[in-house]
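This report concerns only the one structure given below.
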Ligand code: SF4
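Residue numbers (this note's numbering), protein chains in the order written: chain A, 1 to 98; chain B, 1001 to 1384.
Have a look at this one:
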């Protein structure tokens, strides 16, 4: 129940004086209350928890974070021990993949 | 799905792990606060990929697990009353009360309904004006705003047959309690990202400074967890103790001001008992005086229930990071998700359930000290 997941706003409407949205979670759609993020727009992503949008998901930060992760390995690859890296890669890939 | 898959990429996970390995020179003990993070860690075996000596201690951040027995018993009593429709999140159904659970109450004829959102419970109240509808409002700072909004809406729409059974808890006082425990081994915290999506980070610098402990706001996907660990051990290796935000895509420093304003209106801070742990001062919320008539405890007069935890369940130690689930004797034998002795075996975020799902045949058990936090015992103070 504690899960909060990112979803994309598909549609916005007023219902009973409350700002509601239809949000798409990778194919599953749900009604979500937007009262806490009233300026969220169609097409934007938000973190949704028990039917409420709680925080806008900032696409720019998401991209930057992934870029940072990408760059992390570079120095290691340049100066690290390739044998250890190869062993690590095998183990990491096996464990982390679902 | 977008913004989930990218943060599960095995190649990037390897790079993060390499960087952690290159940084760490000695053992460190970190606590992930949130049960959702525990679940990701155990499911993906992240703890087993870390360099030797870097230990993840599982924290008390599973709301289902820490809801006190007393409140569960109150829920069971209210749910058994004729004329009541009792609504709850699904994970509360099998949480054991003193002698039964919500699932059983339903079997005995109680009208117990599972909802996805508290707003669903409000709709049920609208559709059943001749019945009393009660929603079981548990959870951390992430779940409190939805519940607060629902109480507010009920009042605004004049829905009088709706009330909330409240057992909300707050993370910072729990961190404080953990850090002041004489048994504390925690040297750095992965703070719960979604709690900070709501509350921001302003409560943490003071804690980090006073306890000289790094606190890194961390998300829930495997790469988020690895990044939280990477930043925490980097601080520890450098002798630093600051608050960092490793979950920027979902956490602004100020949190969500609208949600915080609603919390301040609908709730007030109170001492709260944590199941298996005891009372932690100022660690919870209850309805503020303005909304007291929508408090189910008040409406149904269910105070004065006294409870005793089953002795064989060691979930209190599990929740404080003093014991790994598979070190409990009952784990996987007399205690399983089908027949749970403690709430940590029920909830999908409970550490015992995570170990049962992914680690049943795993780790050797090493004994750890079995003492507890310096807090008032459960019996001494009723839930406010
Ligand atoms: S395994 Fe069961 S009995 Fe042991 S601590 Fe966990 S919930 Fe309690």
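For each residue, glycine too, the CB sits at the ideal point set by N, CA and C.
Because the structure is a prediction, the values reported are computed rather than measured.
Taking a contact to mean a Cβ-Cβ separation below 7 Å, would you say residue i touches residue j in this structure?
| i | j | result |
| --- | --- | --- |
| residue 1161 (chain B) | residue 1125 (chain B) | yes |
| residue 1024 (chain B) | residue 1233 (chain B) | yes |
| residue 1216 (chain B) | residue 1174 (chain B) | no |
| residue 962 (chain B) | residue 1351 (chain B) | No answer is possible for residue 962 (chain B): the residues shown for chain B start at 1001 and end at 1384. |
| residue 19 (chain A) | residue 38 (chain A) | yes |
| residue 1319 (chain B) | residue 1277 (chain B) | yes |
| residue 1117 (chain B) | residue 51 (chain A) | yes |
| residue 1061 (chain B) | residue 1192 (chain B) | yes |
| residue 1059 (chain B) | residue 1092 (chain B) | no |
| residue 1259 (chain B) | residue 45 (chain A) | no |
| residue 1220 (chain B) | residue 1045 (chain B) | no |
| residue 1317 (chain B) | residue 1323 (chain B) | yes |
| residue 1145 (chain B) | residue 1201 (chain B) | no |
| residue 1291 (chain B) | residue 1151 (chain B) | yes |
| residue 1140 (chain B) | residue 1063 (chain B) | yes |
| residue 21 (chain A) | residue 29 (chain A) | no |
| residue 47 (chain A) | residue 54 (chain A) | yes |
| residue 1181 (chain B) | residue 1251 (chain B) | no |
| residue 1195 (chain B) | residue 1142 (chain B) | yes |
| residue 1186 (chain B) | residue 1057 (chain B) | yes |
Between residue i and chain B, is any beta-carbon pair separated by less than 7 Å?
| i | result |
| --- | --- |
| residue 24 (chain A) | no |
| residue 21 (chain A) | no |
| residue 53 (chain A) | no |
| residue 58 (chain A) | yes |
| residue 47 (chain A) | yes |
| residue 97 (chain A) | Because residue 97 (chain A) carries a pLDDT of 48, less than 50, the predicted location of this residue cannot be relied on, and no value is offered for it. |
| residue 4 (chain A) | yes |
| residue 34 (chain A) | no |
| residue 50 (chain A) | yes |
| residue 40 (chain A) | no |
Leaving out five residues on either side along the sequence, give the residues of the same chain with a beta carbon under 8 Å from the beta carbon of residue i.
| i | result |
| --- | --- |
| residue 1021 (chain B) | 1051 |
| residue 1283 (chain B) | 1169, 1170, 1173, 1174, 1177, 1271, 1272, 1274 |
| residue 1078 (chain B) | 1084, 1086, 1134, 1165, 1296, 1300, 1302 |
| residue 1053 (chain B) | 1024, 1026, 1027, 1028 |
| residue 1115 (chain B) | 1087, 1088, 1089, 1121, 1124, 1135 |
| residue 1128 (chain B) | 1085, 1161 |
| residue 1073 (chain B) | 1097, 1098, 1305, 1307 |
Strictly under 7 Å for the Cβ-Cβ distance: is residue i near chain A by that measure?
| i | result |
| --- | --- |
| residue 1161 (chain B) | no |
| residue 1149 (chain B) | yes |
| residue 1129 (chain B) | no |
| residue 1146 (chain B) | yes |
| residue 1003 (chain B) | yes |
| residue 1245 (chain B) | no |
| residue 1436 (chain B) | In the structure as shown, chain B starts at 1001 and stops at 1384, and residue 1436 (chain B) therefore has no counterpart that could be examined. |
| residue 1117 (chain B) | yes |
| residue 1142 (chain B) | yes |
| residue 1258 (chain B) | yes |
Determine the burial state of residue i: buried for a count of at least 16 other Cβ atoms within 10 Å of its Cβ, exposed for fewer.
| i | result |
| --- | --- |
| residue 57 (chain A) | buried |
| residue 1357 (chain B) | exposed |
| residue 1040 (chain B) | buried |
| residue 1261 (chain B) | exposed |
| residue 1311 (chain B) | exposed |
| residue 14 (chain A) | exposed |
| residue 1107 (chain B) | exposed |
| residue 1333 (chain B) | exposed |
| residue 1338 (chain B) | exposed |
| residue 68 (chain A) | exposed |
| residue 1068 (chain B) | buried |
| residue 1289 (chain B) | exposed |
| residue 1110 (chain B) | buried |
Within a Cβ cutoff of 6 Å, which residues of the same chain sit near residue i, ignoring the five residues on either side of it in sequence?
| i | result |
| --- | --- |
| residue 1392 (chain B) | Look at the range of chain B in this structure, 1001 to 1384, and you will see that residue 1392 (chain B) is not part of it. |
| residue 1354 (chain B) | 1038, 1039, 1042 |
| residue 1211 (chain B) | 1179 |
| residue 1346 (chain B) | 1094, 1095, 1340 |
| residue 1034 (chain B) | 1061, 1192 |
| residue 1344 (chain B) | 1065, 1315, 1318, 1350, 1351, 1352 |
Could you pull out every residue in the same chain whose Cβ sits closer than 7 Å to the Cβ of residue i, ignoring the five residues on either side in sequence?
| i | result |
| --- | --- |
| residue 1105 (chain B) | 1076, 1079, 1080, 1112 |
| residue 1240 (chain B) | 1214 |
With 7 Å as the threshold, decide whether the Cβ of residue i is near any Cβ in chain E.
| i | result |
| --- | --- |
| residue 1248 (chain B) | No chain E is present in this structure, whose protein chains are A and B. |
> Along the segment 1191-1204 of chain B, what residues have a CB closer than 7 Å to any CB found in chain A?
Replying inline: 1194, 1197, 1198
>> So if I threshold CB-CB distances at 9 Å, which residues from the segment 1006-1022 of chain B count as touching chain A?
In response: 1006, 1007, 1008, 1009, 1010, 1011, 1012, 1013, 1014, 1015, 1016, 1017, 1018, 1019, 1021, 1022
> Residues in the segment 1334-1351 of chain B with C-beta within 9 Å of chain A's C-beta atoms, listed in sequence order?
Replying inline: 1347, 1348, 1349
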